[in-house]
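347 is the number that the working numbering gives to position 343 of the sequence shown; each next residue is one higher, with no gaps. Glycine included, each C-beta is placed from N, C-alpha and C at the ideal position.
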Amino acid sequence: MEGTSYMKKISFLIALLFPLTLIAAPKFPFPHNAKYPYGIKPASIDNGKIQKAYDDFIKEFYEENGDKARIRFDDPNLTVSEGIGYGMLITVYMDNATNNTQGKFDKLWRYYNSYLNNNGLMHWRISGFGGVSGQNAATDAEMDVAMALVQAYKQWGDEKYLNDAKSLIDKIYQFEVNSNGYLKPGDSWDDKKNPSYFSTAALESFKRVNSRDWAKVISTSYSLLQKCANASTGLVPDWCSESGAPQGDFYYDAIRTPWRIAWDYVWFGRSEAKSFCSKIASWINTKTGGNPAAIIDGYTLDGGNKGNSLVSTFLGAFACAGMVDASYQTWLNNAYSKQEEMVSKSENYFSSSLKM
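Below, the structure written as structure tokens:
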């Protein structure tokens, strides 16, 4: 009986301790206040505002069902793969002893893997936790999901995240890069290109963990950005041909481009990234008279007004454009301060995701 009692106590202790081993302490808990090797940051950052934006985002858009979780779309009955990518990027960076985001990250990744097509990539639109309502993959989702997995390995130190990242990165190259080295818009079509999918910081990270020719994909991405950008404003279209002919205005797809390219500069110092963002930062400063509150949600490529109002997506991306050079410090400070004000504004799925 004494031996049985002892074993029960040991079993109880193991049961208590085992769940703790499933969640790793983050190596970079929020706020970790990273110092980037290149570019600039806002002079003042209110981490409480970032925490509130995160809390609001989770409350409004994150939903769990058993061992899976999704990010609700504007139609809350739907989820798009892009949103899973945003959710994974957000949760990998927001982990700390209070937020405990690793479990959320894992559930989002499990959701992604629950709706794979024949290429092993997530179908782009799902009805809640039910069936597929939009067939085949969208490349921007894979870019963000794979990048989030690379960062998860750095954040939590578990080799499984790096292995999962390597596997997904290889599938991206196999099914979402064409024979000319350009990123396709998805795994099942390639009749036009989306400049806002060119997450060159992610591509550089892929190059460092995968042996495919990511250097060529980076090169073609910048080449196409240069071809499709307006010579005066630097603005790129939502879509373009592989030869660079614009298809559309600088609207809700294209606005993500300055964010993605600024990311490449502040991490890796790529000169093409600085040139691209500097032109846009210079133009938007002139367009608004240096007042970020005057930004609207859409422009023609030559700088004419297309949108109607200020939203976080456009404000944040234009702020990021200014991160590439100290000459834009005042612009960045003012734009970021305005973004903090926008935390209290309720916005749709897309703007709330990009706000974070």
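Can you give the Cα-Cα distance for residue i and residue j, rounded to whole angstroms?
| i | j | result |
| --- | --- | --- |
| Asp268 | Ala330 | 16 Å |
| Thr292 | Trp271 | 28 Å |
| Trp243 | Pro262 | 15 Å |
| Pro296 | Arg216 | 41 Å |
| Asn37 | Phe61 | 21 Å |
| Gln251 | Ser282 | 23 Å |
| Thr105 | Lys220 | 35 Å |
| Lys342 | Lys53 | 12 Å |
| Met327 | Gly302 | 21 Å |
| Ala205 | Asp71 | 31 Å |
| Met346 | Ser316 | 7 Å |
| Glu68 | Phe318 | 29 Å |
| Pro33 | Ser236 | 42 Å |
| Leu229 | Val240 | 7 Å |
| Asn100 | Tyr177 | 33 Å |
| Leu153 | Gln333 | 32 Å |
| Ser203 | Thr102 | 30 Å |
| Arg74 | Asp194 | 27 Å |
| Leu120 | Ile94 | 22 Å |
| Tyr353 | Glu86 | 11 Å |
| Ser350 | Pro41 | 34 Å |
| Thr224 | Cys324 | 22 Å |
| Leu358 | Gly43 | 20 Å |
| Leu187 | Asn140 | 16 Å |
| Glu361 | Arg264 | Not covered by the structure: residue 361. The range shown for the chain is 5 to 360. |
| Asp144 | Gly320 | 18 Å |
| Asn338 | Gln55 | 20 Å |
| Leu24 | Val96 | Note that Leu24 has pLDDT 39, beneath the 50 cutoff, so the model's placement of it is unreliable and no number is given. |
| Glu208 | Ile222 | 7 Å |
| Ser247 | Tyr256 | 22 Å |
How is the beta strand (DSSP E) around residue i delimited, first residue to last?
| i | result |
| --- | --- |
| Ala73 | 72-75 |
| Thr83 | 82-84 |
| Asn69 | 66-69 |
I believe residue i touches residue j by the beta-carbon criterion, under 8 Å. Please report the beta-carbon distance rounded to the nearest angstrom.
| i | j | result |
| --- | --- | --- |
| Leu336 | Asn234 | The Cβ separation is near 23 Å, so there is no contact. |
| Gly89 | Asp174 | Wrong, their Cβ atoms sit about 17 Å apart, outside the cutoff. |
| Ile258 | Ser200 | Before going on, a small fix: residue 258 reads as Ala here, not Ile. That belief holds up - the Cβ atoms of Ala258 and Ser200 are roughly 6 Å apart, short of 8 Å. |
| Phe109 | Ala156 | 6 Å |
| Ser372 | Phe77 | Here the chain has residues from 5 to 360 only, and residue 372 is not among them. |
| Ile300 | Asn309 | 6 Å |
| Gly107 | Ile27 | 7 Å |
| Gln159 | Pro30 | 5 Å |
| Leu172 | Glu146 | 6 Å |
To which residues does DSSP link residue i through a beta bridge?
| i | result |
| --- | --- |
| Ser209 | None, per the DSSP bridge assignment. |
| Val136 | Ile130 |
| Leu120 | Met126 |
| Gly190 | Ala142 |
| Lys197 | Cys244 |
| Gln251 | Trp243 |
| Asn309 | Tyr303 |
| Val181 | Leu187 |
Within the continuous alpha helix (DSSP H) that includes residue i, where are the two ends?
| i | result |
| --- | --- |
| Asn352 | Taken as a continuous stretch (DSSP letters only), Asn352 belongs to no alpha helix (DSSP H), as it is neither H nor E. |
| Val221 | 218-232 |
| Leu336 | 333-345 |
| Val270 | 260-272 |
| Gly320 | 316-325 |
| Lys31 | Premise fails: Lys31 is in no alpha helix (DSSP H) and is neither H nor E. |
| Lys283 | 275-292 |
Looking at residue i and the ligand SAH, is the gap between the Cβ and the nearest heavy atom below 7 Å?
| i | result |
| --- | --- |
| Asn37 | With respect to the ligand SAH, the structure offers nothing, as it holds no ligand at all. |
Below 8 Å, how does it come out for the stretch 271-291 and the stretch 49-58: are there three or more Cβ pairs, yes or no? no
Do the stretch 153-166 and the stretch 124-144 make contact, defined as three or more Cβ pairs closer than 8 Å? Cβ pair count under 8 Å is below three, so no.
Taking contact to mean at least 3 C-beta pairs separated by less than 8 Å, is the stretch 78-92 in contact with the stretch 133-146? Yes, they touch.
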